[in-house]
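Notes to accompany the following structure.
Numbering (our numbering), first residue to last: 520 to 614.
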């Protein structure tokens, strides 16, 4: 645990981007990265019943409070109880 804003901002000037809530992503869930887009775009499928969630939340062990931590969740969280711990970030593509 650290004091809020005790680390330098990222290159976009943002602080404290992890640990508040699991972050719902546009990527559809796949067990591995085999076949993932190589250009960094979202990995979408026609039938995307589960999405990747990343980053851990305040209630997780520290090992999960990192962007590489990933799990899956459907839109109504039937698989798990992440519903109260999952959020999203609004982002846009830069020109």
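Beta carbons are placed, not taken as given, at the ideal position from N, Cα and C, and that holds for glycine.
Kindly indicate which three-state DSSP category residue 582 falls into: helix, strand or coil? helix
Pull up the DSSP beta-bridge partners for residue 543, would you. 572
What residues in its chain sit with their C-beta under 6 angstroms from that of residue 616, if we drop five residues either side in the sequence? Coverage of the chain is limited to positions 520 through 614, which leaves residue 616 absent and any answer about it impossible.
Name the residue from 534, 571, 580 and 606 whose alpha carbon lies nearest to the alpha carbon of residue 551. 571
Please classify residue 554: does DSSP put it in a helix, a strand, or coil? coil
For residue 575 and residue 537, which I take to be in contact (beta-carbon distance under 8 angstroms), what is that distance rounded to the nearest angstrom? 7 angstroms
Among the candidates 582, 525 and 566, whose CA atom is the shortest distance from the CA of residue 535? 525
Can you check which of these residues, 604, 554, 609 and 545, is closest to residue 561 by C-alpha distance? 545
Per DSSP, what kind of secondary structure is residue 559 in: helix, strand or coil? coil
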